[in-house]
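The structure appears below as structure tokens.
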Amino acid sequence: MKPIIMAGGVGSRLWPKSRAAFPKQFLPLTNEHSMLQETLHRLEGLNNEAPIFVCNEAHRFIVAEQLLQSGIEHDGILLEPMGKNTAPAIALAALHAMQQGQDPVLLVLAADHLIEDIAAFHQAIANAEQLALQDKLVTFGIVPTSAHTGYGYIRQGDAIPGDENGFSVSEFVEKPDLDTAQQYLQDGGYLWNSGMFMFKASRYLQELQKFVPDIYQSCKAAIESEQQDLDFVRVNAETFAQCPSDSIDYAVMEKTDAAAVVPLDAGWSDVGSWSSLWEVLPKDEQGNVVRGDVILEQVNNSYINAEQRLVSVIGLDDVIVIETKDAMLVAHKDKVQEIKKVVDKLKAAKRPEYEFHREVFRPWGSYDSLDQAERFQVKRIKVKPGEKLSIQMHHHRAEHWIVVTGTAKVTCDDKTFLMTENESTYIPIGTTHSLENPGKIPLELIEVQSGAYLGEDDIVRFSDRYGRVKS
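The sequence shown runs 1 to 471 under the UniProt record's numbering.
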């Protein structure tokens, strides 16, 4: 069995924690591990091969770093040049998995789900595997615990002959209104559509080619010219751009006569909103979930998360309060679905809070914008041991670097020298320069930029070990 981990998506309903450049699957929302790492830990104890990951190209270094932190080996990090929904993404993974001449059973998982009962999850996987080996395309249907309007539903059909754990699929149902969802819960036989699947790689591709041949052909052509780039697998971007965009449900599962569903009752949640996160986390006596430096007075059934500052809340019930370094969200729990409208407004206004946190992560480390005004900006730079920023030049800004901790190896035109704590240097406008951490501990420095234009796009890269220089 080969896991396929789908690590795309932006998680906009969990803004301001989740942002386009660092979405929810990479955040530690339920414990100290990110949701991606929790997905991988959930596989421990199963007889599975190294997983394949599918992610947005912009997130590739985050995925690689979190795999490194977890000590997880992989069989490829496939980079989508652009989002085309789940049917093409799974097709790329299936084609990649079959390149060694094998036909593995694929376990397709989202990187941002929560599952509490691991034993029940493993048992459902074992049940599904038996069906997949019989050429069924299996989906996992979540036994509903409430009349939820945020999920699609699966109407469970008859038991599959000779298998008491699997059922045919009578119908896939779109997200219902509340009255319909309550009727589903009362009637029984309806399951939440989890977006998790299991099938042979060849069987999925066979059905995809049958129902949506354009997707199959585009993905096949794109993967045939794949290229290895560090830990990553790049497919042909021009070919993949021609691929139609469609979900696996619409493209295959709703059309095939081989669909089967295995019920899963394991404390599952897609953690799609702040209210759903509140539902699954431990609460205090007043029904509150509290993270960070928080003082409450007469507050009930709320989720309060403080990241940077003291947050105090008085006399409110059923609220969500999220504080980050650069943004604050206050919402009623019943209105958290409207957060996406706020994110859409930020995107339309081209505000950086849509895409980036104040601290921006790079493959070499991170930078945190501490202060800025007209013609100057102050950043805190962190460089991991052994890492190096690109050899670069700026047309519009000069930079002052002051080392706080660690050792910096600095190249400035034809000079290369070391700096340690409390030492500083000046990088004039137009100077070719680079910064490296040759030591064994993290390098931290303060960078003061000054000039007429301070945008991140004022970088001319000459050489870069992370493949960010276009050939």
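Glycine is no exception: its CB is placed at the ideal position from the N, C-alpha and C atoms.
Which one or two residues does DSSP pair with residue i in a beta bridge?
i: residue 8; result: BP columns for residue 8 are empty, so no partner.
i: residue 367; result: 360 and 381
i: residue 317; result: 300
i: residue 416; result: 411
i: residue 450; result: 376 and 398
i: residue 229; result: 232
i: residue 52; result: 4
i: residue 268; result: 115
i: residue 263; result: 141
i: residue 405; result: 444
i: residue 331; result: 320
Secondary structure at residue i, three-state DSSP: helix, strand or coil?
i: residue 1; result: coil
i: residue 15; result: coil
i: residue 133; result: coil
i: residue 461; result: strand
i: residue 117; result: coil
i: residue 213; result: helix
i: residue 180; result: helix
i: residue 30; result: coil
i: residue 247; result: coil
i: residue 146; result: coil
i: residue 391; result: strand
i: residue 60; result: helix
i: residue 497; result: One cannot answer for residue 497 here, as it falls past the ends of the chain, which runs 1 to 471.
i: residue 170; result: strand
i: residue 198; result: strand
i: residue 95; result: helix
i: residue 253; result: helix
Quick one: is residue i buried, meaning 16 or more other Cβ sit within 10 Å of its Cβ, or exposed?
i: residue 330; result: exposed
i: residue 82; result: exposed
i: residue 372; result: exposed
i: residue 35; result: buried
i: residue 350; result: exposed
i: residue 112; result: buried
i: residue 345; result: exposed
i: residue 141; result: buried
i: residue 462; result: exposed
i: residue 88; result: buried
i: residue 328; result: exposed
i: residue 404; result: exposed
i: residue 61; result: buried
i: residue 25; result: buried
Our contact map puts residue i next to residue j with C-beta atoms below 8 Å; I'd like the distance itself, whole angstroms only.
i: residue 115; j: residue 78; result: Not confirmed; about 24 Å, so no contact.
i: residue 215; j: residue 246; result: 6 Å
i: residue 308; j: residue 377; result: Between residue 377 and residue 308 the Cβ distance is about 19 Å, and since that is not below 8 Å, they are no contact.
i: residue 133; j: residue 252; result: Not quite, the Cβ-Cβ distance comes to about 18 Å (not below 8 Å), so this is no contact.
i: residue 475; j: residue 201; result: Because the chain here runs from 1 to 471, residue 475 falls outside it and cannot be looked at.
i: residue 432; j: residue 391; result: 6 Å
The region 88 to 101 touching the region 110 to 122, judged by at least three CB pairs closer than 8 Å: Contact annotation: the region 88 to 101 does not touch the region 110 to 122, with fewer than three C-beta pairs closer than 8 Å.
Do the region 278 to 291 and the region 183 to 196 meet, that is, are 3 or more Cβ pairs less than 8 Å apart? Judged by Cβ distances under 8 Å, the region 278 to 291 makes no contact with the region 183 to 196, as fewer than three pairs qualify.
Below 8 Å, how does it come out for the region 56 to 76 and the region 144 to 151: are there three or more Cβ pairs, yes or no? Fewer than three Cβ pairs drawn from the region 56 to 76 and the region 144 to 151 lie within less than 8 Å of each other, which leaves the two stretches out of contact.
Between the region 293 to 301 and the region 158 to 169, are three or more C-beta pairs nearer than 8 Å? With a cut-off of 8 Å, the region 158 to 169 and the region 293 to 301 do not count as touching, because too few Cβ pairs lie within range.
Do the region 408 to 428 and the region 451 to 466 touch if we need at least three Cβ pairs shorter than 8 Å? No: the two stretches stay apart, fewer than three of their Cβ pairs being nearer than 8 Å.
Under 8 Å: do the region 204 to 222 and the region 235 to 246 share three or more Cβ pairs, one atom per stretch? The region 204 to 222 vs the region 235 to 246: in contact.
Given 8 Å, three or more beta-carbon pairs between the region 166 to 184 and the region 259 to 270: Yes, they touch.
Does the region 420 to 429 touch the region 360 to 370, meaning 3 or more C-beta pairs lie closer than 8 Å? Flag = no, the region 360 to 370 and the region 420 to 429 do not touch.
Are at least three pairs of beta-carbons, each pair with one atom in the region 172 to 187 and one in the region 265 to 274, less than 8 Å apart? Under the 8 Å Cβ criterion, the region 172 to 187 does not count as touching the region 265 to 274, having fewer than three qualifying pairs.
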